[in-house]
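Notes follow once the structure below has been shown.
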């Protein structure tokens, strides 16, 4: 291991801070992965790590050493950092003493390999990194074969995406592409598209969400673009019983995805683990 | 209208900043409502406003004057604030020039009046204000008769709860009470309780969520307490298809609530507005 970093003005600390900035991430092709859970999941998913920074005085649990050994064993440089400069580099209020710099991975359609009858989540023009992260986490739980992000104003390597996804950014197959390309790509694969919009007549629970299906969700503020509203095969809506006129965008995605899960599971044989109530 | 506030060190600005602190909120019995949407919804819901601070240079839309007239017409003092001190008082990064101080309202069981066969959301030990706010917003959309928050570490008057709830904090009947009281209170009303836990055998979609039903959700990190796991009538789980072992707590609440909505709507006559696909 090289000498520990003790100064908050060390160039490597400054570089870590700069990686919070999207332009710098885009230029360098790198991004930051922070905390035990996210770093382990990046390692499990074979994400290429350039460097791992550790600050042992901040470790929370007994498993950090094993994770560090795995990373070092794969040839990744491990650099010790004193608490003060580590806090400066860390994005979280309560840093856990682990911070990796990773290479950005391919997010073109080439990175997707769909199974038969996939369940796909499509998200358009998303702005809030926390919402994108929550959607990735939820898509993983719903067994989505892919998440396609169309024309976003946030990039998937934003530290808040990494955090809110609880590392599922490294697990769920992801493409970041344009709406036009996505409509064409899904059509070529005969995947039925369902645009979610409050103006739809059909409830999400009345639509047949089995087979190859893409659920398309827009932004909270502006909804879906006309390209999707006109280009999707069907429009569906979640029923609203209350005063508010909308759900959080990630929530709308999750509710629709798990309705698809319900319909798809209903077509299968009962699981031997499950019992009636 | 009194003289405008021009200094960031004005005592009223300092008081607004102090209201971010829970102890000060608890002592004063007041809380802050920020932005056009939240202030309008507070007014619509007859929340008692003590004062309204306005900074017209920050207004975003054409409707602010009408809202100010409504507030002033009800006898609430309206105080103009220059941009600099307003920015200091505001909680948001991009303040909208409207900030009200409101009286905290009753959150005991006395504030709840349940209809027949209510759908209730119970949340235990919640920590993250944003999650509580999202749950209130989602509970409104699902038509919940009440949200009961048991033994929280956040208070519902936290500015992030107000914000994430998009004002539904003022709309959804809310009680903040203890787990023990809640179990007793629901039992007395013959409301069936469903504890959501990954250890349950029954899927949420296989449980009968019609009639008087309370969905009980715990924290992401620790789940539900033994009081709920042992005290609830049934345990249910959302199926997990992916790598991650859990959903965001608000997401788990929303997915379960909207499964209840589906089952409850299925028992009704079809809506004349809805058409098949």
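Residue numbers (the working numbering), protein chains in the order written: chain A, 1 to 277; chain B, 1 to 277.
For each residue, glycine too, the CB sits at the ideal point set by N, CA and C.
Sub-8 angstroms separation of residue i and residue j beta-carbons
i	j	result
residue 262/A	residue 205/B	yes
residue 213/B	residue 253/B	no
residue 112/A	residue 173/A	yes
residue 144/A	residue 177/A	no
residue 159/B	residue 132/B	no
residue 6/B	residue 127/B	no
residue 250/B	residue 134/B	yes
residue 299/B	residue 64/B	Residue 299/B lies beyond the residue range present for chain B, which begins at 1 and ends at 277; the question has no answer from this structure.
residue 171/A	residue 148/A	no
residue 47/B	residue 105/B	yes
residue 281/B	residue 117/B	As displayed, chain B neither begins before 1 nor continues past 277, which places residue 281/B out of reach and without an answer.
residue 236/A	residue 190/A	no
residue 175/A	residue 146/A	yes
residue 255/A	residue 255/B	yes
residue 49/B	residue 76/B	yes
Nearest to residue i (by Cα), restricted to the options the options
i	options	result
residue 83/A	99/A, 191/A, 107/A, 57/A	57/A
residue 234/B	59/B, 222/B, 209/B	209/B
residue 299/A	225/A, 266/A, 116/A, 2/A	Lying before the first or after the last residue shown, residue 299/A is absent from chain A, which here runs from 1 to 277.
residue 70/A	95/A, 43/A, 114/A	43/A
residue 193/A	11/A, 51/A, 257/A, 97/A	257/A
residue 265/A	239/B, 110/B, 25/B, 5/B	239/B
residue 140/A	243/A, 164/A, 124/A	164/A
residue 73/A	81/A, 62/A, 51/A, 59/A	51/A
residue 81/B	13/B, 22/B, 138/B	13/B
residue 25/A	79/A, 76/A, 154/A	154/A
residue 339/B	182/B, 166/B, 183/B, 179/B	The displayed coordinates of chain B run from 1 to 277. Any statement about residue 339/B would go beyond what the structure contains.
residue 242/A	45/B, 60/B, 59/B, 138/B	138/B
residue 227/A	255/A, 142/A, 125/A	125/A
residue 185/A	152/A, 114/A, 162/A	114/A
residue 78/B	61/B, 97/B, 203/B, 182/B	97/B
residue 130/A	207/A, 45/A, 16/A, 168/A	168/A
residue 221/A	246/A, 232/A, 94/A, 215/A	246/A
residue 39/B	187/B, 162/B, 188/B, 255/B	162/B
residue 229/A	180/A, 34/A, 188/A	180/A
residue 182/A	18/A, 203/A, 45/A, 232/A	232/A
residue 20/B	34/B, 8/B, 61/B, 2/B	34/B
residue 107/B	75/B, 152/B, 76/B	152/B
residue 248/A	198/A, 202/A, 260/A	198/A
Reduced DSSP category for residue i - H, G, I as helix; E, B as strand; rest coil
i	result
residue 146/A	strand
residue 25/A	helix
residue 161/A	helix
residue 15/A	helix
residue 259/A	helix
residue 127/B	coil
residue 132/A	helix
residue 171/B	coil
residue 96/B	coil
residue 192/B	strand
residue 205/B	helix
residue 80/A	strand
residue 180/A	helix
residue 103/B	strand
residue 139/A	helix
residue 109/A	helix
residue 186/B	helix
residue 30/A	strand
query: Fully enclosed by the region 39-66 of chain B, which beta strand (DSSP E) runs are 3 residues long or longer?
result: 49-54
- prompt: Is the number of C-beta pairs between the region 74-94 of chain A and the region 45-59 of chain A that are closer than 8 angstroms three or more?
  reply: yes
query: Which runs of the beta strand (DSSP E) fall wholly inside the region 212-240 of chain A and span at least 3 residues, in chain order?
result: 213-217, 234-237
query: On the three-pair Cβ rule with 8 angstroms, is the region 30-42 of chain B touching the region 98-105 of chain B?
result: yes
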